[in-house]
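Report on one structure; see the data block that follows.
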Amino acid sequence: MRIKGHPVWIAFSLFSLFATLVLATGFGWAVKDVLRPSSDRIPAGEVQEAAGRGKSKEALLVSLGDSLTRGTGDTSGQGYVSRVKEALREKNGTLGAVNLAVKGQTSDQLKRQVKKKRVRALLGDARWITLTIGGNDLFRNSGALEELDPEGAEKARKAYRQNLNEILSVIRQENPSSPVFMFGLYNPFGDLGEKEISNRLVREWNRTLSEVAGDYEKVVVVPVYDIFQLNPEKVLYSDRFHPNRQGYEFMAVRLLQALHRQAEEVSADDR
Amino acid sequence: MTVEANPPVLRVEGLSKRIGKRMIVRDLDFEVKQGEIYGFLGPNGAGKTTTIRMLVGLIQPTEGTIRIAGHDLEREPLKALQHVGCIVENPELYPYLTGRENLELFARMTGDVSPKRIDEVVRLVELGHRIDDKVKTYSLGMKQRLGIAQALLGRPRLLILDEPTNGLDPAGIREMRHFIHGLARDEGISVFISSHILHEVQMLCDRVAIISKGRIIRTGAVSRLLEGDPPVEWEFSPLEQGVDLLRSLSYITALERLSEGRVLTRIPEDRIGEANQILAEAGIRVNTIRRKTPTLEDIFLQMTEGDSIA
Amino acid sequence: MRNWIGLVYNELLKMVKKKRVLVVLLITAVLIPIFTYGEYRSLQNTVEQMGTSDWRSLLQQRIIDAQNRLSSSRLPEEWKQQIKLNIQQQQYYLDHDINPTAPGAPTFVRGFVEEAVSLFLPLLVVVVASDIVSSEHSAGTIKLLLTRPVRRWRILLSKYLALLLLVSFIMTSTAVLGYLISGVIFGYGGWDMPVFTGFQANGGELNTESVHLIPQWQYILMGYGLAWFSCIAVATLSFMVSVLVRSTAASIGIMMAALISGSLLTQLAPTWTALKYLAFTNLRLTDYLSGEPSMIEGMTLPFSLTILGLWSLVGLVVAFTVFVRRDVLA
Numbered sequence: 001m002r003i004k005g006h007p008v009w010i011a012f013s014l015f016s017l018f019a020t021l022v023l024a025t026g027f028g029w030a031v032k033d034v035l036r037p038s039s040d041r042i043p044a045g046e047v048q049e050a051a052g053r054g055k056s057k058e059a060l061l062v063s064l065g066d067s068l069t070r071g072t073g074d075t076s077g078q079g080y081v082s083r084v085k086e087a088l089r090e091k092n093g094t095l096g097a098v099n100l101a102v103k104g105q106t107s108d109q110l111k112r113q114v115k116k117k118r119v120r121a122l123l124g125d126a127r128w129i130t131l132t133i134g135g136n137d138l139f140r141n142s143g144a145l146e147e148l149d150p151e152g153a154e155k156a157r158k159a160y161r162q163n164l165n166e167i168l169s170v171i172r173q174e175n176p177s178s179p180v181f182m183f184g185l186y187n188p189f190g191d192l193g194e195k196e197i198s199n200r201l202v203r204e205w206n207r208t209l210s211e212v213a214g215d216y217e218k219v220v221v222v223p224v225y226d227i228f229q230l231n232p233e234k235v236l237y238s239d240r241f242h243p244n245r246q247g248y249e250f251m252a253v254r255l256l257q258a259l260h261r262q263a264e265e266v267s268a269d270d271r
Numbered sequence: 001m002t003v004e005a006n007p008p009v010l011r012v013e014g015l016s017k018r019i020g021k022r023m024i025v026r027d028l029d030f031e032v033k034q035g036e037i038y039g040f041l042g043p044n045g046a047g048k049t050t051t052i053r054m055l056v057g058l059i060q061p062t063e064g065t066i067r068i069a070g071h072d073l074e075r076e077p078l079k080a081l082q083h084v085g086c087i088v089e090n091p092e093l094y095p096y097l098t099g100r101e102n103l104e105l106f107a108r109m110t111g112d113v114s115p116k117r118i119d120e121v122v123r124l125v126e127l128g129h130r131i132d133d134k135v136k137t138y139s140l141g142m143k144q145r146l147g148i149a150q151a152l153l154g155r156p157r158l159l160i161l162d163e164p165t166n167g168l169d170p171a172g173i174r175e176m177r178h179f180i181h182g183l184a185r186d187e188g189i190s191v192f193i194s195s196h197i198l199h200e201v202q203m204l205c206d207r208v209a210i211i212s213k214g215r216i217i218r219t220g221a222v223s224r225l226l227e228g229d230p231p232v233e234w235e236f237s238p239l240e241q242g243v244d245l246l247r248s249l250s251y252i253t254a255l256e257r258l259s260e261g262r263v264l265t266r267i268p269e270d271r272i273g274e275a276n277q278i279l280a281e282a283g284i285r286v287n288t289i290r291r292k293t294p295t296l297e298d299i300f301l302q303m304t305e306g307d308s309i310a
Numbered sequence: 001m002r003n004w005i006g007l008v009y010n011e012l013l014k015m016v017k018k019k020r021v022l023v024v025l026l027i028t029a030v031l032i033p034i035f036t037y038g039e040y041r042s043l044q045n046t047v048e049q050m051g052t053s054d055w056r057s058l059l060q061q062r063i064i065d066a067q068n069r070l071s072s073s074r075l076p077e078e079w080k081q082q083i084k085l086n087i088q089q090q091q092y093y094l095d096h097d098i099n100p101t102a103p104g105a106p107t108f109v110r111g112f113v114e115e116a117v118s119l120f121l122p123l124l125v126v127v128v129a130s131d132i133v134s135s136e137h138s139a140g141t142i143k144l145l146l147t148r149p150v151r152r153w154r155i156l157l158s159k160y161l162a163l164l165l166l167v168s169f170i171m172t173s174t175a176v177l178g179y180l181i182s183g184v185i186f187g188y189g190g191w192d193m194p195v196f197t198g199f200q201a202n203g204g205e206l207n208t209e210s211v212h213l214i215p216q217w218q219y220i221l222m223g224y225g226l227a228w229f230s231c232i233a234v235a236t237l238s239f240m241v242s243v244l245v246r247s248t249a250a251s252i253g254i255m256m257a258a259l260i261s262g263s264l265l266t267q268l269a270p271t272w273t274a275l276k277y278l279a280f281t282n283l284r285l286t287d288y289l290s291g292e293p294s295m296i297e298g299m300t301l302p303f304s305l306t307i308l309g310l311w312s313l314v315g316l317v318v319a320f321t322v323f324v325r326r327d328v329l330a
């Protein structure tokens with residue numbers, strides 16, 4: 001005769017044993033899979049296509065570009081994008097916003113970014129697109145501030161023109177109707193020596209920017225050159241390169257003005 | 001007893017234990033026969049617990065052999081332990097289990113214990129009404145009885161109990177004593193009991209080994225343990241004269257001066273009156289003659305005094 | 001054999017009746033709703049911020065955010081490496097149009113085991129495993145246990161086997177509890193959702209050659225299997241400590257200190273490569289499944305398994321040697 005256990009605890013023991021076997025199986029499977037991945041792959045991509053994209057068709061603000069769109073230098077962390085988003089939300093109710101800007105991004109990098117499948121999809125869904133690009137191209141390729149390299153700057157400008165062209169054409173391909181608001185460049189070194197040269201460079205680049213923008217429908221250039229021309233220290237962050245809170249505030253106001261004017265035009269057209 | 005022909009249930013030879021540089025137990029020899037209640041008497045710290053732990057395999061002896069029912073504990077521990085039931089120090093059972101769960105647990109480890117046997121031992125220790133309660137609700141006496149029940153599960157031939165009456169009230173002690181007697185008498189179980197209380201050993205045991213500082217200083221039948229003379233305390237004056245007079249008497253085997261003019265002697269019972277008369281005749285006034293119950297200390301005293309006199 | 005079943009059953013009974021297991025389950029049952037709510041909150045938050053619940057936009061945004069973090073120059077090189085690999089992996093999900101975090105109870109369970117493998121599950125195991133031998137010492141029951149006609153190594157082995165069963169029970173319970181509780185908010189579906197596995201980091205680049213899709217239930221099973229191995233290593237070492245130390249509190253303390261410092265050290269000193277030979281820096285086995293890049297270079301699944309296995313082996317040898325030989329004094 002044997003001493004019997006309590007049925008509850010016998011069940012508990014058996015369950016634990018079962019759990020051990022299951023987990024051990026999982027372990028063995030995992031080791032096998034990590035070391036020798038199974039060959040019968042499910043072709044990726046086909047699986048969820050049916051799920052469809054963009055279930056939510058609400059108004060979407062897509063922002064592209066560099067640190068200015070990121071909001072670097074704004075101690076409140078908002079940048080112009082958040083301010084514009086808030087203003088739009090007040091007016092339009094629910095609103096989506098995607099900020100795809102990357103600090104230090106150049107036009108070449110942005111060109112590659114907008115060609116990505118997912119970014120294209122977002123652009124297609126966008127009702128507004130905002131963009132800052134060029135600052136990094138200009139101030140990185142033109143040599144040190146003390147001895148600007150006119151030749152390098154000129155080469156960079158040509159590349160910039162071409163990149164910008166490609167970026168805008170991709171945007172227009174994906175989204176022929178929504179307005180694109182592109183900020184102009186400003187000169188953060190306007191109060192330093194050699195300001196004649198730097199001012200001249202920025203003006204040249206701005207001209208390029210406007211020319212390219214002019215080739216596309218509904219691409220609005222939002223100039224900010226003047227904001228940073230006088231008393232730049234009031235609107236620049238302590239790194240003397242990015243705007244500060246005040247600077248972003250001005251940028252947001254400018255953009256919203258352009259946006260509302262554009263909206264009025266649209267409604268006027270409708271009538 | 002008529003069991004001389006059988007091998008002893010427990011035989012210990014040359015048992016020693018050294019921990020670090022200290023010899024805890026030195027060169028013990030003794031035997032426990034079947035159906036015998038054997039006392040292991042000694043003051044605290046004499047090495048009793050260490051010895052008991054060696055007997056049940058909790059501590060490895062440094063030297064010596066232990067044979068239980070003919071099996072060497074070191075070479076055949078399972079066969080040897082099969083015949084042992086024990087409580088080492090307090091009966092520490094699992095307080096979060098019921099009495100029955102505890103017994104079942106140990107039964108599974110003892111092997112060859114049927115559910116019927118569990119009921120049997122529960123009845124034996126009279127715990128039937130509380131056996132399905134958690135052990136943490138038990139009184140000390142009940143825990144002690146459950147401990148014994150646990151020890152009896154495997155029908156051991158040798159029961160080892162370490163200070164079994166520790167912490168029990170007088171009624172509990174009497175009950176325990178009765179119970180242990182019954183076990184030895186009715187079931188023929190040998191019982192090995194350690195204790196530091198002489199009285200208890202006297203009441204319980206057939207034979208005894210007295211251990212002091214790790215050595216056995218005497219073994220023998222309990223009836224012979226107090227052989228020799230009972231201690232008697234005297235008070236008389238003048239003190240010096242009386243002491244000298246008592247010392248001169250040949251039948252006084254030991255004499256010790258205590259405080260406040262008291263004198264302790266060992267004297268055959270039938271000679272007390274005679275000694276008193278001698279003192280009185282010498283003009284010594286005897287105030288008190290007090291017959292004392294011997295304590296363990298008295299026995300040690302007697303033995304050491306005896307040594308020095310011899 | 002029959003004997004063995006009895007011994008293991010004994011030990012299991014003791015562990016369960018001690019209520020420690022219950023406490024562990026309660027801890028889990030209290031924490032999982034909190035985790036669930038936390039995840040729900042952060043999801044809601046992002047959706048609100050972005051104004052869209054489309055996972056593609058969310059994932060794209062997350063990639064961009066990571067890229068921005070990358071451009072901060074103060075980041076240690078090792079972290080940058082890790083972020084880069086992460087970005088590549090997320091991009092891979094995005095390019096193949098697979099949502100890595102489609103909400104659902106199974107997804108929660110998957111995320112739970114990936115996060116809990118390094119600290120939470122091991123801590124639960126430590127709570128249960130640390131007193132398995134030391135409690136017998138502190139309660140004095142060791143004297144009854146070792147005076148049975150059963151060899152000491154059998155007693156210890158039965159304790160160890162019972163511990164393994166219990167670890168399995170606890171892990172399975174966390175999965176079941178996690179599934180049941182999180183499902184209230186996230187829904188109970190999603191077992192068949194495809195998940196990528198097989199990412200390999202190769203000198204800072206993500207190698208996607210052997211990446212393949214598996215259904216989520218398989219991923220969870222494999223993840224839990226790997227976590228189980230980690231937890232068994234932890235249980236084995238706790239077991240050893242429990243044999244060596246007679247106080248349960250001390251043995252829990254030692255194990256917790258070791259666990260927490262193990263997980264902290266990898267983050268504090270990722271360049272200190274000798275750390276990879278410690279047991280507790282190798283607990284994150286599920287990372288090899290998800291393709292999460294390891295903090296310290298040169299760590300692979302076989303490497304981690306070997307290290308954990310060796311430590312466990314040493315722990316067992318020490319535990320058995322000491323337990324079988326040691327005198328039971330006071």
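Chains as they are written, first to last, in UniProt numbering: chain A, 1 to 271; chain B, 1 to 310; chain C, 1 to 330.
No residue lacks a Cβ here, since even glycine has one placed at the ideal position from N, Cα and C.
Rounded Cβ spacing between residue i and residue j (contact assumed at less than 8 angstroms)
{"i": "residue 197 (chain C)", "j": "residue 219 (chain C)", "result": "6 angstroms"}
{"i": "residue 187 (chain A)", "j": "residue 198 (chain A)", "result": "5 angstroms"}
{"i": "residue 209 (chain B)", "j": "residue 41 (chain B)", "result": "7 angstroms"}
{"i": "residue 134 (chain A)", "j": "residue 169 (chain A)", "result": "So it is not a contact: roughly 17 angstroms between Cβ atoms."}
{"i": "residue 262 (chain C)", "j": "residue 281 (chain C)", "result": "5 angstroms"}
Alpha-carbon spacing of residue i relative to residue j, whole angstroms
{"i": "residue 146 (chain C)", "j": "residue 131 (chain B)", "result": "24 angstroms"}
{"i": "residue 17 (chain B)", "j": "residue 251 (chain C)", "result": "30 angstroms"}
{"i": "residue 181 (chain C)", "j": "residue 32 (chain C)", "result": "7 angstroms"}
{"i": "residue 36 (chain A)", "j": "residue 112 (chain C)", "result": "25 angstroms"}
{"i": "residue 204 (chain B)", "j": "residue 26 (chain B)", "result": "26 angstroms"}
{"i": "residue 166 (chain B)", "j": "residue 158 (chain B)", "result": "20 angstroms"}
{"i": "residue 118 (chain C)", "j": "residue 271 (chain C)", "result": "19 angstroms"}
{"i": "residue 381 (chain B)", "j": "residue 170 (chain C)", "result": "Chain B is shown only over 1 to 310; residue 381 (chain B) falls outside these bounds and no answer can be derived."}
Min CB distance residue i to chain B below 8 angstroms
{"i": "residue 62 (chain C)", "result": "no"}
Any C-beta of chain C under 8 angstroms from that of residue i
{"i": "residue 110 (chain B)", "result": "yes"}
{"i": "residue 180 (chain B)", "result": "no"}
{"i": "residue 12 (chain A)", "result": "yes"}
{"i": "residue 59 (chain B)", "result": "yes"}
{"i": "residue 90 (chain B)", "result": "yes"}
{"i": "residue 4 (chain B)", "result": "In this predicted model, residue 4 (chain B) has a pLDDT of only 46, less than 50, meaning its place in the structure is not dependable enough to derive any value."}
Interface flag, residue i vs chain A, CB-CB below 8 angstroms
{"i": "residue 308 (chain B)", "result": "At residue 308 (chain B), the pLDDT of 37 sits below 50, so the modelled position is not reliable; the number obtained from the coordinates is stated separately. For residue 308 (chain B), the answer is no, since every Cβ of chain A falls outside 8 angstroms of its Cβ."}
{"i": "residue 168 (chain C)", "result": "yes"}
{"i": "residue 67 (chain C)", "result": "yes"}
{"i": "residue 189 (chain C)", "result": "no"}
{"i": "residue 112 (chain C)", "result": "no"}
Under 7 angstroms from the C-beta of residue i: neighbouring residues of chain C
{"i": "residue 118 (chain A)", "result": "56, 60, 94"}
Neighbour list for residue i in chain A, Cβ cutoff strictly below 7 angstroms
{"i": "residue 104 (chain B)", "result": "3"}
{"i": "residue 184 (chain B)", "result": "Those do not exist, as residue 184 (chain B) stays about 28 angstroms from chain A at its closest Cβ, beyond 7 angstroms."}
{"i": "residue 331 (chain C)", "result": "Residue 331 (chain C) lies beyond the stretch modelled for chain C, which goes from 1 to 330, so this question has no answer here."}
Neighbouring residues, chain C, relative to residue i (Cβ below 9 angstroms)
{"i": "residue 82 (chain B)", "result": "149"}
{"i": "residue 96 (chain B)", "result": "14, 17, 18, 19"}
Contact list for residue i against chain A, beta-carbon separation under 8 angstroms
{"i": "residue 311 (chain B)", "result": "This structure gives no information on residue 311 (chain B), because the portion of chain B shown stretches from 1 to 310."}
Neighbouring residues, chain A, relative to residue i (Cβ below 9 angstroms)
{"i": "residue 239 (chain C)", "result": "What residue 239 (chain C) touches in chain A: nothing, since even the nearest Cβ is about 16 angstroms away."}
Query raised in the report: Residue ranges of each beta strand (DSSP E) run of no fewer than 3 residues wholly in the stretch 39–106 of chain B, ordered along the chain?
Result: Counting whole runs of 3 or more residues, the stretch 39–106 of chain B contains the beta strand (DSSP E) stretches 63–68, 84–87.
Requested in this report: Note down, one range per segment and in chain order, each alpha helix (DSSP H) of at least 4 residues found wholly within the stretch 118–147 of chain C.
Outcome: Counting only runs of at least 4 residues, the stretch 118–147 of chain C fully encloses the following alpha helix (DSSP H) elements, listed from N- to C-terminal order: 120–129, 134–139, 142–146.
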